[in-house]
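**Q**
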Amino acid sequence: MKLSERNYYEDLEVGYSYETPAITVSEHHVLGFAGLTGDFADVHVDEQFAHEMGFKGRLAHGILVLGLIDALKNRCIINFHVVAALNWNWRFAGPVYVGDRLRARLTISEKRLTKKGDRGIVTLGIEGLNQSEEVIQYGTNQIMVMCRP
Numbered sequence: 001m002k003l004s005e006r007n008y009y010e011d012l013e014v015g016y017s018y019e020t021p022a023i024t025v026s027e028h029h030v031l032g033f034a035g036l037t038g039d040f041a042d043v044h045v046d047e048q049f050a051h052e053m054g055f056k057g058r059l060a061h062g063i064l065v066l067g068l069i070d071a072l073k074n075r076c077i078i079n080f081h082v083v084a085a086l087n088w089n090w091r092f093a094g095p096v097y098v099g100d101r102l103r104a105r106l107t108i109s110e111k112r113l114t115k116k117g118d119r120g121i122v123t124l125g126i127e128g129l130n131q132s133e134e135v136i137q138y139g140t141n142q143i144m145v146m147c148r149p
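Going by UniProt numbering, the sequence shown opens with residue 1, and the numbers climb by one from there.
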């Protein structure tokens, strides 16, 4: 596996694990996502309502958090020659609040060549973690990766 270079299918080893840098979920992220998607549910935009529902503050949208985890994966020092994203199998395991610091732990869990043989399907096991090391989201992401020319 190469750092700071894009890796080909042949470079990837099943079982290899690595972590992304972290990002802090901001007010701007949550309100921007609400505006973009039209999801202004009270639990995301009303602090008092979130407290009344038993949360310690407003929640970040689950799909926003998944997007941030995907962005961390894509900006990580370990990159792939990706042809396409194929699948997400994903679970929301815990709340994410404005101000939480997130990072992801990734493991290459499976890989196989396609019928054409010029690319492969790679399955990444991913855990999203907060600043307290709690798993807040987890699942798998399948990507298609180019083989070495």
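Ideal placement from N, C-alpha and C gives every residue a C-beta, glycine not left out. Here the structure is a predicted model, which means the values were calculated and not measured.
1. Does the beta-carbon of R6 have 16 or more other beta-carbons within 10 angstroms, so that it is buried, or is it exposed?
2. Looking at the secondary structure, which residues open and close the beta strand (DSSP E) in which R58 lies?
3. Between which two residues does the alpha helix (DSSP H) harbouring F40 extend?
4. By how many angstroms is the C-alpha of M146 removed from the C-alpha of F80?
5. Nearest by alpha-carbon distance to T84: which of W90, L106, S132 and N74 is it?
6. Please state whether DSSP places K116 in a helix, a strand or coil.
7. Does the contact criterion of 3 or more C-beta pairs under 8 Å hold for the stretch 88-104 versus the stretch 46-60?
8. Quick check: what's the CA-CA separation for E19 versus R103?
9. Can the beta-carbon of V65 be found closer than 9 Å to that of V25?
10. Quick test of your reading: T140 and G125, contact by CB under 8 Å. State the CB separation rounded to the nearest angstrom.
11. Out of E10, S17 and Y9, point me to the one whose CA is closest to E127's CA.
12. When DSSP labels each residue in this structure, what does N79 get in the three-state scheme?
13. Give the secondary structure of Q137 by DSSP, where H, G and I count as helix, E and B as strand, and everything else as coil.
14. Looking only at its own chain, which residues have a Cβ that is under 8 Å from the Cβ of D70, when we skip the five neighbours before and after it?
15. Output needed for L129: all residues of its chain with C-beta closer than 8 Å, excluding positions within five of it in sequence on either side, in chain order.
**A** Short version:
1. Residue mapping note: residue 6 aligns to position 6 of the sequence shown, counting from 1. R6 should be labelled exposed.
2. In the sequence shown, counting from the first residue as 1, residue 58 sits at position 58. Per DSSP, R58 belongs to no beta strand (DSSP E) and is neither H nor E.
3. Position 40 of the sequence shown, counting from 1, holds the residue named residue 40. Note, F40: premise wrong, no alpha helix (DSSP H); not H, not E.
4. Within the sequence shown, the letter at position 80 stands for residue 80. Within the sequence shown, the letter at position 146 stands for residue 146. The straight-line gap from Cα to Cα measures roughly 8 Å.
5. Position 84 of the sequence shown, counting from 1, holds the residue named residue 84. First, the residue type needs correcting, since residue 84 is Ala and not Thr in the sequence shown. Nearest of W90, L106, S132 and N74 to A84, Cα basis: N74.
6. One-based indexing of the sequence shown puts residue 116 at position 116. Note: K116 maps to coil in three-state DSSP.
7. yes
8. To locate residue 19, count along the sequence shown from 1; it is residue 19. To locate residue 103, count along the sequence shown from 1; it is residue 103. Separation of E19 and R103 (C-alpha to C-alpha, rounded to the nearest whole angstrom) is 7 Å.
9. Within the sequence shown, residue 65 is the residue found at index 65, counting from 1. Within the sequence shown, residue 25 is the residue found at index 25, counting from 1. The Cβ atoms of V65 and V25 lie closer than 9 Å to each other.
10. Numbered from 1 along the sequence shown, position 140 holds the residue referred to as residue 140. Numbered from 1 along the sequence shown, position 125 holds the residue referred to as residue 125. Confirmed, Cβ separation roughly 6 Å.
11. Against the sequence shown, residue 127 aligns to sequence position 127. Closest option to E127, Cα to Cα, is S17.
12. Reading the sequence shown from its first residue, position 79 is the one you call residue 79. Note: N79 maps to strand in three-state DSSP.
13. As a working note, residue 137 is residue 137 in the sequence shown. Note: Q137 maps to strand in three-state DSSP.
14. Along the sequence shown, read from residue 1 onward, the residue named residue 70 stands at position 70. Correct list, in chain order: N141.
15. The residue labelled residue 129 in the question sits at position 129 within the sequence shown. Closer than 8 Å at the Cβ level, and outside the excluded window around L129, lie L102, R103, A104, R105, V135 and I136.
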